[in-house]
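I have placed the structure first, in the form of structure tokens, so that the comments after it can refer back to it.
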Amino acid sequence: MPAQGISMNKIREILRLHFDSKLSQHQIAASLKISSGVVNKYVSLAKAALLHWPVDPQLDDKALRALLRPYKDTVKQAAFIEPNYSSIHQELKKKGVTLLLLWQEYEGVYGKKAYRYARFCAKYKDWFSRQKPSMRQIHRAGEKLFIDYCGPTLEVIDPTTGEIRSAAIFVAVLGASNYTYAEATWDQKLPNWIGSHVRALHFFGGVPALLVPDNLKSAVTKASRYEPVLNQTYADFARHYGAAILPTRPYKPKDKAKVENAVLVVERWILARLRHHTFVGLAELNAAISSLLQELNQRPFKKLPGTRASQFEVLDKPALKPLPQQPYELAQFSKARVHVDYHIEVDGHYYSVPHLLIKEVLDVRLTLNTVECFHEGIRIASHIRSFLKGKHTTLTEHMPPSHKAYSEWNPGRFLKWALDIGPNTRDVIQHLLNHVAHPEQSYRSCFGILSLAKRYGKDRLEAAAYRALAIGSPRRHSIASILKKGLDKQPLKISDTNTTSVLKHENIRGASHYKSQLIH
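Below, the structure written as structure tokens:
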């Protein structure tokens with residue numbers, strides 16, 4: 006029944022301004038000099054009655070008034086049994102479940118006391134429209150995991166230094182059940198970002214179809230509404246677990262409603278309760294978070310049946326994909342050009358690749374234990390990672406079948422080039438060639454030394470080579486340092502020399518070893 010003082014003409018005007026002029030309820034209330042509550046009441050009643058504008062001209066004031074009565078006030082409607090709308094909302098998250106199927110089940114139970122299908126849908130949609138934004142989306146079971154960090158941090162005493170540091174709070178929530186995971190890390194950088202994901206998936210015991218992060222740098226290197234560029238390590242992580250990444254779109258708050266609500270819940274029910282506690286180390290803080298997290302997931306919903314934990318068991322858990330046998334190992338990605346010695350440099354160490362790829366640029370995947378090399382998407386080499394700077398890891402199968410097949414660069418060519426500069430330069434190159442398991446491993450250093458002649462001239466390089474031999478340091482960095490400091494121009498003091506000549510070392514094969522190659 007229209008409220009006293011509200012005429013049918015004004016009610017019709019409410020409907021016109023809402024459906025036709027698209028004004029907000031506040032604007033309508035201001036225009037008609039009535040309260041927003043009255044506007045909301047008749048707009049809701051009109052939607053429930055499936056009314057639109059213009060209203061059917063056959064509807065006089067009496068008929069329109071009857072349609073706009075709340076259903077619970079009519080004798081006829083009181084005979085119908087109301088569906089459980091929150092239960093309907095949860096059931097729709099299951100794969101293959103539709104409103105038609107749920108109505109058929111509802112009608113099968115209540116028969117003539119059940120609403121017709123159209124009214125059933127309209128009443129559910131009216132209930133749905135009155136829920137908060139985080140609920141006004143239907144997330145299918147096992148489909149999406151929303152990820153973000155809380156805004157506030159918690160102070161933690163670093164057990165190694167004793168300083169007080171701020172810990173970031175990672176939050177992940179499953180879309181269908183709202184089952185929530187949270188933990189503290191020292192920062193939001195890539196290693197901790199990936200580590201938190203690994204532990205979250207282990208907590209859930211499975212993998213969702215989609216990971217939905219915000220556009221922070223650890224996840225997205227270039228934010229875009231249409232084609233965001235993902236961080237390579239994060240994409241590699243997703244491939245390992247068989248998931249896809251769907252970053253939230255910039256300036257689309259509805260994309261973030263689920264996780265923002267979860268973050269707010271964690272801030273209120275976990276962080277706020279820990280704000281007066283003092284923690285020494287992340288382990289102590291995470292133990293406290295874990296205890297409160299269990300309590301949070303067991304708390305009954307206010308508007309939905311069950312708890313986060315119970316809904317997880319029914320909805321998400323059966324739909325998650327199984328975890329792989331091994332957890333993801335953090336990987337870093339870079340590019341490296343193959344040098345003339347068919348090795349690439351990774352973190353100061355040199356790794357071999359097939360010699361046919363000389364001068365090509367490769368993609369490198371680096372983990373704590375392995376180095377993998379890719380060319381045009383195909384893995385062409387894999388090595389156990391070494392932390393020895395300046396050393397080589399060489400596989401025999403990567404070497405050329407013979408020196409003839411590798412004639413562009415060979416020991417003879419380097420010695421000939423060096424002898425053109427001077428005998429001391431030649432002796433340095435000979436030393437380098439003889440002090441590796443395979444001559445090819447020294448090509449990079451040889452090339453680096455000989456190239457110094459372009460910058461400093463042959464005479465200065467020859468003088469620097471002489472000094473390097475005299476002091477017992479015939480290496481590229483020593484010669485480069487001598488030239489840079491101008492020591493090649495200064496007389497050599499007796500005290501600077503190494504009394505044991507480098508060239509008398511028992512492992513040096515001598516010039517005769519390469520004599521046959523000088524003809525090249």
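With the working numbering applied, the sequence shown corresponds to residues 6 to 525, in that order. Glycine residues also receive a C-beta, built at the ideal position from the N, C-alpha and C atoms. Small disclaimer: the values here were computed from a predicted structure and weren't measured.
Find the nearest neighbour of Leu-424 within the set Ala-123, Ala-470, Pro-59, judged by alpha-carbon distance.
Ala-470
Ala-189: buried (16+ other C-beta within 10 angstroms of its C-beta) or exposed?
buried
Counted within 10 angstroms of its Cβ, other Cβ atoms place Asp-241 as buried (16 or more) or exposed:
Asp-241 sits buried, since 16 or more C-beta atoms from the chains shown fall within 10 Å of its C-beta.
Reduced DSSP secondary structure (H/G/I, E/B, other) of Tyr-461
helix
I need the straight-line Cα distance from Leu-129 to Ser-387, nearest angstrom please.
The amino acid at residue 129 is misidentified as Leu; the sequence shows Tyr. Here the alpha carbons of Ser-387 and Tyr-129 stand approximately 58 angstroms from one another.
Assuming Ala-248 contacts Ala-214 (C-beta within less than 8 angstroms), just tell me the rounded distance between them.
7 angstroms
DSSP three-state label for Pro-218, please.
strand
Runs of beta strand (DSSP E) wholly within the stretch 317-401 (minimum 3 residues, chain order)
337-342, 348-351, 354-357, 366-371, 375-380, 383-389
Just the C-alpha distance for Gly-382 and Thr-430, rounded to the nearest angstrom, thanks.
42 angstroms
Between Tyr-184 and Asp-346, which are expected to be in contact by the criterion C-beta below 8 angstroms, what is the C-beta distance as a whole number of angstroms?
Actually they are not in contact, since the Cβ atoms of Tyr-184 and Asp-346 sit about 54 angstroms apart, beyond 8 angstroms.
Spatial neighbours of Glu-365 within its chain, please: CB distance less than 8 angstroms, with the 5 preceding and 5 following residues excluded, ordered by chain position.
Within the same chain, Glu-365 has close Cβ partners Arg-342, Val-343, His-380.
Roughly how many angstroms lie between the CA atoms of Pro-496 and Ala-336, to the nearest whole one?
51 angstroms
Need the endpoints of the beta strand (DSSP E) that Arg-170 sits in, please.
169-179
Assign Pro-444 to one of three DSSP states: helix, strand, or coil.
helix
Three-state class that DSSP yields for Glu-18 in the structure shown
helix
In chain order, what residues of the same chain have a beta carbon less than 8 angstroms from the beta carbon of Glu-148, not counting five sequence neighbours either side?
By the criterion of a C-beta distance shorter than 8 angstroms, Glu-148 is surrounded in its chain by Gly-180, Ala-181, Pro-213, Ala-214, Leu-215, Ala-324, once the five residues flanking it on both sides are discounted.
I think Leu-298 touches Ile-275, with their Cβ atoms under 8 angstroms apart; what is that distance to the nearest whole Å?
The Cβ separation is near 7 angstroms, so the contact holds.
Here's the rule I'm using: 16 or more other beta-carbon atoms within 10 Å means buried, otherwise exposed. How should Gln-95 be labelled?
The C-beta of Gln-95 has 16 or more other C-beta atoms within 10 Å across all chains shown, which makes the residue buried.
Under a Cβ-count criterion, where at least 16 other Cβ atoms within 10 Å of its own Cβ denotes burial, should Leu-106 be classed as buried or exposed?
exposed
Just to confirm before moving on: does the CB-CB distance between Trp-58 and Tyr-90 stay below 8 angstroms?
No, Cβ-Cβ distance for Trp-58 and Tyr-90 is not below 8 angstroms.
Taking DSSP's pairing of strands, which residues face Ile-250 in a bridge?
Residue pairing from DSSP places Ile-250 in a beta bridge opposite Leu-216.
Own chain residues within Cβ distance below 8 angstroms of Leu-97, not counting five before or after:
Contacts found: Thr-103, Leu-104, Leu-107, Ile-143.
Contact belief for His-245 with Pro-327 at Cβ below 8 angstroms, rounded distance in angstroms:
About 13 angstroms; that fails the 8 angstroms criterion.
Helix, strand or coil at His-408 [DSSP, three-state]:
Residue placement at His-408 is poorly supported in this model, since its pLDDT is 42, which falls under 50; the coordinates still yield a value, given next. Residue state, collapsed to three classes: coil.
Could you check what DSSP says for Lys-118 in three-state terms: helix, strand or coil?
Looking at Lys-118 - three-state DSSP - the assignment turns out to be helix.
So, at 7 angstroms on beta carbons, what are the nonlocal neighbours of Glu-350 in its own chain, with the 5 sequence-adjacent residues on each side left out?
Only Ala-341 meet the Cβ criterion.
Exposed or buried, which one is Glu-232 when buried takes at least 16 other CB atoms within 10 Å?
Legend: pLDDT at Glu-232 = 44, less than 50; position of this residue unreliable, no value from coordinates given.
Measuring only the C-alpha atoms, how far is Leu-320 from Ile-169?
41 angstroms
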